[in-house]
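Engineer: I'd like to ask you about the structure that follows.
2 protein chains.
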Amino acid sequence: MQDPATALTLPDPLPLDSGAVLSPVTIAYQEYGKRAADGSNVVVIFHALTGDQFAASPHPGTGRPGWWDRMVGPGKPIDTDRLCVICANVIGGCLGSTGPASERPDGTRYAQSFPVVTIHDMVRAFARMLDELGIDRVHAVVGGSMGGMQALAFASDFPDRAERVLVLASAARQSAQNIAFHEVGRQAIMADANWNGGDYYGGAHPDAGLAVARMAAHITYLSEKGLTEKFGRRLQAKGDGKPGEKSFGFDADFQVESYLRYQGSGFTRRFDANSYLYITRAMDYFDLAEEHGGRLADAFAGASARFCIVSFDTDWLYPTAESQHLVRALNAAGAPVSFVELSSPFGHDGFLLETPGLDEVVRGFLT
Amino acid sequence: MQDPATALTLPDPLPLDSGAVLSPVTIAYQEYGKRAADGSNVVVIFHALTGDQFAASPHPGTGRPGWWDRMVGPGKPIDTDRLCVICANVIGGCLGSTGPASERPDGTRYAQSFPVVTIHDMVRAFARMLDELGIDRVHAVVGGSMGGMQALAFASDFPDRAERVLVLASAARQSAQNIAFHEVGRQAIMADANWNGGDYYGGAHPDAGLAVARMAAHITYLSEKGLTEKFGRRLQAKGDGKPGEKSFGFDADFQVESYLRYQGSGFTRRFDANSYLYITRAMDYFDLAEEHGGRLADAFAGASARFCIVSFDTDWLYPTAESQHLVRALNAAGAPVSFVELSSPFGHDGFLLETPGLDEVVRGFLT
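Going down the list, the sequences are from chains A and R. The first sequence begins at 1 in the numbering used here and counts up one residue at a time. The second sequence begins at 1 in the numbering used here and counts up one residue at a time.
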C-alpha cells in the first residue's frame with residue numbers, strides 16, 4: 001500500500017478566484033493501480049464534502065476501509081488491474097492538502113486567514129498536480145456530489161484534459177435549499193464557544209458545533225423512506241438487554257437519535273471544523289451557468305469529453321431534476337452525454353452504497 | 001381586545017403520561033367572538049410547535065399580528081361573528097401556560113425538572129380547562145402541524161367532546177426523519193454553553209443554539225421550490241445600495257442565508273429554549289397507532305365527530321402520504337371523513353399562508 005502521507009507541493013503559487021494567492025500548496029493524494037507512462041489510463045476520483053483521498057485504502061485516522069472501496073480495486077467497476085486511480089484531498093481540506101489547519105510559512109496556523117476557495121480553485125490545484133506528475137490527459141474524471149461538481153468544473157476549465165466525465169448525484173449549481181442547509185451547519189460551528197473565530201488549534205475544538213452540523217447534513221444524505229425503513233420509530237435498547245422504553249427525558253430514546261449522535265461525534269474525530277466551513281462555502285459558490293453568462297451550455301462549449309450523468313430517484317439533496325438540467329445543457333453544447341436515473345433506497349448516499357445498476361454503469365462508461 | 005394575560009389555573013393536579021403529576025397547572029388562552037351559553041359555537045384552535053394562543057390578536061412580545069390572523073376573525077373563514085374561537089398556549093410552552101420557565105411552588109424555575117409532557121397531556125390539560133369554562137362539547141377542534149396532532153388526540157381521548165375535527169398538514173405519528181430534525185435542534189440547544197443543563201434563567205440564554213435549531217427547522221417548513229422561487233441563488237445587497245457580491249468569506253452573501261439568520265435570531269426573542277426541547281419531545285413521542293396496539297383505526301373507535309384532513313402537495317415534513325394513512329384509518333373506523341390535498345408553493349407552511357382553496361375548505365367544514 002502507498003504511504004498514506006503521499007503528497008506533492010506545487011512549484012508555483014496558486015492564484016485563486018477570490019484574487020488571493022495561495023502559497024505553498026501541498027496536495028495529498030493516493031494512487032491505486034499501475035500508471036501508464038503517458039497517464040492515459042488514469043481515472044481521477046474527486047471526493048465529496050467530507051471525503052478524502054483514501055477512496056480505496058484504509059483511512060489513516062479511523063482505520064476504516066476507503067470510502068469507495070466497493071467501487072475501486074482489482075476487478076471492481078473502477079478496475080485497478082487496468083486503470084490507475086488518483087484521488088487527492090481538496091485544498092481547504094484537512095487530510096494533508098493545504099487547508100485552514102495547515103501551518104503558514106511563519107509556523108502559525110491559517111485558521112480563518114485561509115482564503116476562501118472555490119470548486120474551480122480545487123480543480124486548478126489538481127490540474128497543476130497532474131502537470132507535476134506529467135499527466136496531460138486522463139482516461140476519466142469521476143465524482144459524486146461535490147466530486148461531481150469538481151468533475152464538471154474540470155471538464156469546463158480544462159476541456160482537453162479528460163476523455164470521460166462521470167458525474168453522480170450532483171448538479172451544476174448549489175440550490176437555495178442546499179445553501180440553507182450548509183448555512184445551518186456553519187452557524188452551528190460558529191455558535192460553539194470553542195470555535196473562537198476559527199482560532200482553536202491550540203485548545204478545545206468546536207466538536208459540539210461540528211457534530212450538530214454533521215447531524216443536520218446527514219439527514220439530507222438519506223431518504224425519508226430509507227430512514228423509516230432503517231429506524232422507523234423504533235426505540236433504542238438499553239444496556240441491560242431489555243427492549244427500549246421512552247425515557248420521558250432527553251436521552252436518545254429513538255434509534256434514529258442514537259444513530260445521528262453517533263454520526264455527529266464520530267465525524268468530529270476525523271474532520272476539522274474550519275475545513276467544513278471552507279468546503280461548504282466552495283460548494284455554495286458553485287454555479288457553472290452563472291460563470292458563463294447564465295447559459296450552462298456555454299460552460300461546455302469546448303469540451304471534448306463524453307459525459308455520463310447519474311442521478312438517484314430518492315436523492316432529494318441533488319434531485320434528478322438537477323441532473324436533467326445539466327443533461328439538457330450538455331446536449332445544447334453538442335456534447336455526447338448519457339443519462340440514467342437509478343432506483344435506490346439510500347437517497348443522496350446512493351452513489352456510495354450498493355445501488356442496483358450503478359456498478360454496471362460505472363464499469364461500462366470507463367471501458 | 002382580551003387581556004393578553006388571560007389565564008386559568010386548574011383546580012386539580014394534572015396526571016401525566018410519564019406517571020408524574022403537574023401542579024399547579026395554569027393555562028393561558030385567548031378567546032375571540034361571543035361564546036354561546038353552552039359553548040356549542042366554540043371552535044378550538046390548537047397551535048403548532050412554536051405557535052401560541054395569539055391566533056388572531058397581536059403577540060404581546062413582538063406586537064406582530066396573530067399567527068392565524070388571515071383565517072380567524074369577523075367574516076373570515078373561522079368567522080368570529082358566529083363562532084367563538086378559543087386558543088390556548090400548550091403546557092410546556094412559554095407564553096403563560098405552565099412550562100419549564102415557570103416558577104415552581106418554591107419560587108425557583110422548573111428548567112429541566114419540568115416533566116416531559118406528551119400531546120395527550122396537552123389535550124388533557126385543555127379538556128380540563130374546558131371543564132372549568134363549563135364547555136362540554138365544542139363545534140370543532142382545528143389544528144395544523146402539531147396542532148393537528150392535538151386535534152387528533154383530542155378526538156381520540158374525548159370522543160364525545162367535538163363535533164368536527166379539522167387537521168391540516170399533520171400526521172398521526174412523527175416520522176423518523178422528523179424525529180431526526182428535532183434531535184438536531186435539541187442537540188444544537190444543548191451544545192450551547194449557555195444552556196447549562198437547562199439552568200439559564202438567571203443569566204445568558206442559549207440563543208445561539210436556539211437560533212440554529214430554528215434555522216434547521218425553518219428549512220423543513222418551506223418547499224425546495226419555494227426557496228428557489230423566493231431566494232434562488234440571489235446575493236444579498238449590501239448597505240451601500242450596490243448589488244450583492246460574493247464576499248469570499250462567511251458573511252451572509254446569499255439572501256437565503258440572511259433570511260435564515262433573521263429567522264433564527266428573531267425566534268430567540270420570543271421563545272424559550274427549554275420549551276423547544278419539551279415540545280419537540282412531545283411531538284416525537286406522538287404515535288396514535290402505537291398507543292392503540294398498532295392499529296390506528298382503533299384510536300378513533302368511539303369518535304362521534306366528522307373529520308376533515310387537509311394536506312399540501314409541497315409539504316415534505318408532513319407529506320400527503322401521512323394524511324392518506326390517517327384517512328384510511330378513519331375510514332376503517334367508520335368515521336365520516338373528507339380529505340383534500342391542496343396545491344401550494346409554501347411547503348409545510350401552506351396551512352399558515354395564502355393557499356388557494358384552503359379558506360373555502362375551512363369555511364365550508366365549519367358551517
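Backbone N, C-alpha and C define an ideal beta-carbon position, used for all residues, glycine too. None of these values were measured; they are calculated from a predicted model.
For residue 171(A), which option in 128(A), 251(A), 315(A) and 84(A) has the closest C-alpha, if you only look at C-alpha atoms?
Structural biologist: If we check each option's Cα against that of residue 171(A), 315(A) comes out closest.
Engineer: Report buried or exposed for residue 262(A), applying the criterion of at least 16 other Cβ atoms within 10 angstroms of its Cβ.
Structural biologist: Per the 10 Å Cβ criterion, exposed.
Engineer: Starting from residue 90(R), find everything on chain A with Cβ-Cβ shorter than 7 Å and list it in chain order.
Structural biologist: The contacting residues do not exist; residue 90(R) stays about 17 Å from chain A at best.
Engineer: Buried or exposed for residue 367(A), going by 16 or more other Cβ atoms inside 10 Å?
Structural biologist: Counting Cβ neighbours within 10 Å, residue 367(A) comes out exposed, since fewer than 16 surround it.
Engineer: Go through its chain and collect everything with a Cβ distance to residue 146(A)'s Cβ below 6 Å, but skip five positions before and after it.
Structural biologist: Here the set comprises 48, 49 and 283.
Engineer: For residue 365(R) versus residue 330(R), is the C-beta spacing smaller than 8 Å?
Structural biologist: Against a cut-off of 8 Å, the Cβ pair of residue 330(R) and residue 365(R) comes out as no contact.
Engineer: May I have the straight-line CA-CA distance separating residue 126(A) from residue 156(A), to the nearest angstrom?
Structural biologist: In a straight line, the C-alpha of residue 126(A) is about 14 Å away from that of residue 156(A).
Engineer: Counting only C-beta atoms, is residue 113(A) closer than 8 Å to chain D at any point?
Structural biologist: Of the protein chains in the structure, A and R, none is chain D.
Engineer: Does residue 246(A) have its Cβ less than 8 Å from a Cβ in chain R?
Structural biologist: So yes, residue 246(A) belongs to the interface.
Engineer: By the DSSP assignment, the beta strand (DSSP E) with residue 167(R) in it spans what residues?
Structural biologist: Segment 164-168, the beta strand (DSSP E) holding residue 167(R).
Engineer: Quick check: the stretch 265-278 of chain A against the stretch 292-304 of chain A, are there 3 or more CB pairs under 8 Å?
Structural biologist: Because the criterion of three Cβ pairs below 8 Å is not met, the stretch 265-278 of chain A and the stretch 292-304 of chain A do not touch.
Engineer: Along the stretch 214-236 of chain R, what residues have a CB closer than 7 Å to any CB found in chain A?
Structural biologist: Flagged, chain order: 215, 216, 219, 224, 227, 228, 231, 232 and 233.
Engineer: Which same chain residues, not among the five before or five after residue 201(A), have their C-beta less than 8 Å away from its C-beta?
Structural biologist: Closer than 8 Å at Cβ, skipping near neighbours: 101, 109 and 111.
Engineer: Distance, Cα to Cα, residue 254(R) vs residue 187(R)?
Structural biologist: Each residue's alpha carbon lies about 26 Å from the other.
Engineer: In terms of DSSP beta bridges, what is residue 144(R) paired with?
Structural biologist: Paired residues: 168(R).
Engineer: As a quick exercise: from 96(A), 345(A) and 141(A), pick the residue whose alpha carbon is nearest that of residue 24(A).
Structural biologist: Closest option to residue 24(A), Cα to Cα, is 96(A).
Engineer: Measure the Cβ-Cβ separation of residue 244(A) and residue 235(A) and say whether it is below 8 Å.
Structural biologist: In this structure, residue 235(A) lies closer than 8 Å to residue 244(A) by Cβ.
Engineer: Going by C-alpha distance, which of 77(R), 288(R) and 44(R) is nearest residue 358(R)?
Structural biologist: That would be 77(R), whose Cα lies nearest to the Cα of residue 358(R).
Engineer: Just to confirm my understanding: we take residue 317(R), look at its own chain, exclude 5 residues before and 5 after, and list those with CB closer than 6 Å. What are they?
Structural biologist: Contacts found: 220 and 348.
Engineer: In the structure shown, what three-state DSSP assignment does residue 123(R) receive?
Structural biologist: The answer is helix: DSSP assigns residue 123(R) an H, G or I state.
Engineer: Pull up the distance between the alpha-carbon of residue 192(R) and that of residue 158(R), whole angstroms please.
Structural biologist: In a straight line, the C-alpha of residue 192(R) is about 40 Å away from that of residue 158(R).
Engineer: Pull up the DSSP beta-bridge partners for residue 339(A), would you.
Structural biologist: Paired residues: 309(A).
Engineer: Looking only at its chain, what residues have a beta carbon closer than 8 Å to the beta carbon of residue 179(R), apart from the 5 residues adjacent to it on each side?
Structural biologist: Counting only Cβ-Cβ distances below 8 Å, and skipping sequence neighbours, we find 284.
Engineer: Quick one: what's residue 84(R) bridged to in DSSP?
Structural biologist: Answer is 42(R).
Engineer: Kindly indicate the opening and closing residues of the alpha helix (DSSP H) around residue 436(R).
Structural biologist: With chain R covering only 1 through 367, there is no way to say anything about residue 436(R).
Engineer: Could you work out which residues of chain A lie near residue 173(R), taking near to mean beta carbons separated by less than 9 Å?
Structural biologist: Here the neighbours are 233.
Engineer: If contacts are defined as beta-carbon pairs under 8 Å, then residue 288(A) and residue 312(A) qualify, I think. What distance do you get, rounded to the angstrom?
Structural biologist: Residue 288(A) to residue 312(A), Cβ: 21 Å. No contact.
Engineer: Could you name the residues of the same chain whose beta carbon sits closer than 8 Å to that of residue 269(R), not counting the 5 residues immediately before and after it, in chain order?
Structural biologist: Answer for residue 269(R): 61 and 62, listed in chain order.
Engineer: So, do the stretch 134-145 of chain R and the stretch 202-213 of chain A have three or more beta carbon pairs nearer to each other than 8 Å?
Structural biologist: No, the stretch 134-145 of chain R does not touch the stretch 202-213 of chain A.
Engineer: With distance defined between alpha-carbon atoms, name the residue in 74(R), 17(R) and 52(R) nearest to residue 64(R).
Structural biologist: Among 74(R), 17(R) and 52(R), the Cα nearest to that of residue 64(R) belongs to 52(R).
Engineer: Have a look at the DSSP bridge pairing and note the partners of residue 30(R).
Structural biologist: DSSP, once it has assigned bridges, lists 87(R) as partnering residue 30(R).
Engineer: Taking residue 18(A) as the query, report the chain R residues whose CB atoms sit under 7 Å from its CB, ordered along the chain.
Structural biologist: Correct list: 248.
Engineer: Hey, quick one: how far does the beta strand (DSSP E) through residue 217(R) stretch, first residue to last?
Structural biologist: Where residue 217(R) is concerned, there is no enclosing beta strand (DSSP E), although the alpha helix (DSSP H) it sits in stretches over 207-221.
Engineer: Give the DSSP-derived three-state secondary structure of residue 64(A) in the structure shown.
Structural biologist: Residue 64(A): coil per DSSP, three-state reduction.
Engineer: Measure the C-alpha to C-alpha separation of residue 14(R) and residue 21(R) and round it to an integer number of angstroms.
Structural biologist: About 5 Å.
Engineer: Counting only Cβ pairs nearer than 7 Å, list the residues of chain R close to residue 365(A).
Structural biologist: Chain R residues near residue 365(A): none, gap ~29 Å exceeds 7 Å.
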